[in-house]
Structures are given as C-alpha cells and as structure tokens.
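Here the protein sequences come in this chain order: C and A. Read left to right, the first sequence gives residues 0 to 249 (this note's numbering). Read left to right, the second sequence gives residues 7 to 161 (this note's numbering). Using N, Cα and C, we set each Cβ at its ideal position, and we do this for glycine too. All values reported here derive from a predicted model rather than from experimental measurement.
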Amino acid sequence: MKNKLTSAMNIGEEMLAAGAEIHRVEDSINRILTALGACRVDTFIITSSMVVTVHTECGEILTETRRIGGAGTDFEKLHLLNSLSRRICSGEVAPDEIDAELSRVHSARTYPLWLEFVCYALIAGAFTLFFGGNVFQALFSLGVGAAVRLSLLLCDLTVKNRIFAKFTGSFVATALAFLASHLGMPGGADAIIIGNIMSLIPGIGLTNALRDIFTGDSITGILRCIEALLAALAIAAGYFVLAALTGGGV
Amino acid sequence: MPFGLIQVLSGTVGSICFAMLFNIRGRRLAVSAVGGFLSWSFYLLFELLTKNEVLSYFIVAALITAYAECMARVVKTPTTTFIMAALIPLIPGASLYYTMTSAFSGDLTLFGNKAVYTLELAAALALGVITASAVAKGIFAGIKRWRSRLTNNEQ
Chain C
0 MKNKLTSAMN
10 IGEEMLAAGA
20 EIHRVEDSIN
30 RILTALGACR
40 VDTFIITSSM
50 VVTVHTECGE
60 ILTETRRIGG
70 AGTDFEKLHL
80 LNSLSRRICS
90 GEVAPDEIDA
100 ELSRVHSART
110 YPLWLEFVCY
120 ALIAGAFTLF
130 FGGNVFQALF
140 SLGVGAAVRL
150 SLLLCDLTVK
160 NRIFAKFTGS
170 FVATALAFLA
180 SHLGMPGGAD
190 AIIIGNIMSL
200 IPGIGLTNAL
210 RDIFTGDSIT
220 GILRCIEALL
230 AALAIAAGYF
240 VLAALTGGGV
Chain A
7 MPFGLIQVLS
17 GTVGSICFAM
27 LFNIRGRRLA
37 VSAVGGFLSW
47 SFYLLFELLT
57 KNEVLSYFIV
67 AALITAYAEC
77 MARVVKTPTT
87 TFIMAALIPL
97 IPGASLYYTM
107 TSAFSGDLTL
117 FGNKAVYTLE
127 LAAALALGVI
137 TASAVAKGIF
147 AGIKRWRSRL
157 TNNEQ
C-alpha cells in the first residue's frame, strides 16, 4: 500500500503542477486509492502542499506529505494524467505499471520555444485590434509581444521570480509603446499596452481563485487571489515607473 | 469591416494562441478555438440585448461552461481546458489598464470605480462558470442514473 500511496501522490502532484483544480486532484487521488484497495482515504490539498492519509484493509494507517513548487498550465499533460487515473480505476493499468506509465506522461510533447514567441506576438497584435487599435498599432504590437516574451525568458534564466517577470514584461511593453507614440505612432500607446498586458494579466488566475473560494476551497482561493493581486500590482508598477519617468506618458 | 467582426476574429486568434501556450493540441485545440469564437459572439449578442456588461459576462461564462462540459465529455478531457481557453477574450485587460492609469493620474474616485468594475467582471465570470458546472453536474448525474435504471429494468 505504501508504494500505491506514493504512486497516487506522484500523479496528484503532476496534476497540480499541470494546472488542475484542487477538487479534481483530491477526487483523482481518492478514486485511485479506493480502486487500489484502501478502506478510507483523506486528502487535504492546497496550492503549495498535499497531505494524504489512507487506512489499509489490515488496519494500518499511512500518511504522506508533499511540498508543491510552482505550477504552470499544461493541459496536454493534464489530459494524459486524467486518462491514466481513469485507466487505473478501471483496472486497465496494474499498480506496478503506474510508474512506467507516469514516466511516459513526462515525455509528453510540448510546443517548441519559437512558437511561444509567435503566440505572444499574435496575442499582442490580436488584442490591440480587439481593443480598438489601428493596423499600425497592431503590427507594432506583434514586435512588442515577441520582446515581452524575450524579457520573460531572460527573467526566467536569471532571477526566476514570477512577480518580477510580470514587472519586467509590463516595463518592456510600456517602454516600447511610449517610444512608438513619441515617434509619432498614430493612435498613441494605449491599445499597444493593453494588447500586451493581455498575455501578462492574471485574469485566468483571478477567475480561478474566485471559483475556488465559491466552491469551498477557501484557503487555495485566498492564496490564488493574493498571487493574482501581486501580479496585477507588478504590472501596474512596470507601467508606473515609466509613466513617472516620462511625466504621464508621451 | 464592422468592429464587432474584427473583435470576434481577433479574440479567436487570441484564444488559439493562449490555448497553444497552455499546450492544448490537435482536436482539443480546434474545440478551444470554437469556444473562443463563441464566447465573444455570445457576449456581443447579450450585450446588445441586456445593455449590461456584468450580466452579459455572467451569461456568457455560463454558456461557455455548458459548451465546455459537453465537449469535455465528447473528447474525454478535463473541462477546465476548454473553459480557460474560451474565456480568454473576456479577460478584463482594458479594464485593468484603465484602473492603472486612473491610479497613476491620482483620480481616486475614478480609480475606485474602475477597480470595483474589474473585480465585478472577474466575479461574474467565476459565478457563471460555477453555476453552469453545478447544473451540468446535476444533469449528467441524472442521465447516468436514468441510464443505469433502464439497463437494470431490461435485465
């Protein structure tokens, strides 16, 4: 049972890291361990920690705790983990095969890095148009989006701080937008900045945080709210520094 | 080209790109793209009907969740995938930006209004998603029970 508990927690940890909701992870761990013969399963999960206790048939009580690091969003991985946990519950995957299956999930495909640059550029360009920008602003936004992705990459390689990365991204986007508007970009800086902020702002994070609170995972919800608030403040700070330096935009 | 159409198309492009950043692939990427297209189309429609942005956000979030719950059962993947990708055009980015600029200009009344408005939009999205997923869960559980009763009767 000890090995089964560890395997189930490995799956749960990976699910959290791939961006699953708390109740889905708790549910999956409960189902897997019950399917593998536990009499009772108690799970307590928040964004940064997991605690799972199982009661085995022979009256033994086992507990395992995990500290969870940063979480990203990888729905391909989540899809594979979800179907793995389904197959474990239906008995299609034997308990001793779980680790091998899990390492196969690890080698799941991801898009290449250059495509992320393209996505950032397109997001910025598209949302510049979306929020009323003209074609010139949108074209310029494409370049700014790629520059923002580059600044995030540099942050990732050096300081490794998500909040600081948001600050840097917002700083770069605002700087380039102000520069363009100073050089006579028709329409000004606003739509360019908004287009680029879209890929930085914690909109999804805040919506998820509120969802957690409403569905009863209040601790996680509050943690995520604070994360979203900090990210929003960092973005605002990036804008403020430049606006103050240039006297409220150009 | 009318502005609404530009918005729907650029919102869809934004949704697809975000979906790729979330590592959504193949058939699921196509479902996400359709979701992004539907979300802003629905929004424009309900904004026209209700003249209330927050209410429209709530309705669209609920409709998109219904779409996501159905598609998630078709392609057998967690519902979150499609909700996250499809709601991208509804992220209150402009609203957050104007909250920032009003804070910088020192106009505290305007700042308060904009900040509360941004939060209202986010809360409307969250409530819409929760309401629809609760209803969907009830309906799908009902269908399951009804089906198992049918098969039991046949035996």
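Original post:
Which chain A residues are close to Asn-9(C), counting only those with a beta carbon under 8 Å from its beta carbon?
Top reply: Here the premise fails: no neighbours, minimum Cβ distance about 18 Å.
Original post:
What does Ser-48(C) pair with, by DSSP beta-bridge criteria?
Top reply: Per DSSP, Ile-45(C) and Arg-66(C).
Original post:
What are the partner residues of Val-260(C), as DSSP defines its beta bridges?
Top reply: Residue 260(C) is absent from the structure shown; chain C starts at 0 and stops at 249.
Original post:
Below 7 Å between beta carbons: does that hold for Ile-87(C) and Ile-44(C)?
Top reply: The answer is no: Cβ separation not under 7 Å.
Original post:
So, is the C-beta of Val-19(A) closer than 7 Å to a C-beta in chain C?
Top reply: Chain C contact via Cβ: present.
Original post:
For the 8 Å Cβ check, are there 3 or more pairs between the stretch 121-137 of chain A and the stretch 237-248 of chain C?
Top reply: no
Original post:
Asn-81(C): buried (16+ other C-beta within 10 angstroms of its C-beta) or exposed?
Top reply: Answer is buried; the Cβ neighbour count reaches 16.
Subject >> chain A contact residues for Phe-177(C), given Cβ-Cβ distances below 7 Å >> reply: Those do not exist, as Phe-177(C) stays about 13 Å from chain A at its closest Cβ, beyond 7 Å.
Original post:
Which residues in chain C sit within 9 Å of Arg-31(A), going by Cβ to Cβ distance?
Top reply: Phe-74, Glu-75, His-78, Arg-108 and Tyr-110
**OP:** Excluding the 5 residues preceding and the 5 following Val-249(C) in the sequence, name in chain order all residues of the same chain whose CB lies nearer than 6 Å to its CB.
**Re:** Note that Val-249(C) scores 47 on pLDDT, short of 50, meaning its location in the model is unreliable; the coordinates nonetheless yield the value given after this. Cβ within range, chain order: Phe-177, Ser-180 and His-181.
Original post:
If you follow the alpha helix (DSSP H) that Arg-148(C) is part of, which residue opens it and which one closes it?
Top reply: 134-156
Subject >> Ser-198(C) (DSSP reduced to helix, strand or coil) >> reply: coil
Original post:
With distances taken from CA atoms, which of Ile-200(C), Met-14(C) and Arg-85(C) is nearest Thr-33(C)?
Top reply: Arg-85(C)
Original post:
Applying the criterion that 16 or more other CB atoms from any shown protein chain within 10 Å of the CB defines a buried residue, is Cys-57(C) buried or exposed?
Top reply: Result: exposed.
Subject >> is_contact[Ala-92(A), chain C] using C-beta, thresh 7 Å >> reply: no
**OP:** Compile a chain-ordered list of the residues in the stretch 111-140 of chain C whose CB is closer than 7 Å to at least one CB of chain A.
**Re:** Leu-114, Glu-115, Cys-118, Leu-121, Ile-122, Ala-125, Phe-126, Leu-128, Phe-129 and Phe-130
Original post:
What three-state label does DSSP hand Asp-98(C) in the structure shown?
Top reply: helix
**OP:** Compare the Cα-Cα distances from Gly-237(C) to each of Ala-164(C), Gly-194(C), Ile-97(C) and Gly-204(C) and report the closest residue.
**Re:** Residue Ala-164(C) is the option with its Cα nearest to Gly-237(C).
Subject >> Same chain only: Cβ atoms within 8 Å of Glu-75(C), ignoring 5 sequence neighbours per side >> reply: Ala-107, Arg-108 and Thr-109
**OP:** Could you tell me whether any Cβ in chain C is nearer than 7 Å to the Cβ of Ser-16(A)?
**Re:** yes
Original post:
What is the residue span of the alpha helix (DSSP H) that Thr-167(C) lies within?
Top reply: Element bounds for Thr-167(C): 161-181.
Subject >> Val-60(A) versus Ile-22(A), Val-80(A), Ala-92(A) and Leu-96(A), residue with shortest Cα-Cα distance >> reply: Leu-96(A)
Original post:
By Cβ distance below 8 Å, which residues in the same chain neighbour Ile-234(C) in space, the five residues on each side in sequence not counted?
Top reply: Lys-165, Phe-166, Gly-168, Ser-169, Ile-196, Leu-199 and Ile-200
Original post:
Between which two residues does the alpha helix (DSSP H) containing Thr-33(C) stretch?
Top reply: 21-34
**OP:** Give the range of the alpha helix (DSSP H) segment to which Ile-221(C) is assigned.
**Re:** 217-245
Original post:
At a CB-CB cut-off below 7 Å, which residues of chain A make contact with Leu-205(C)?
Top reply: Ala-128
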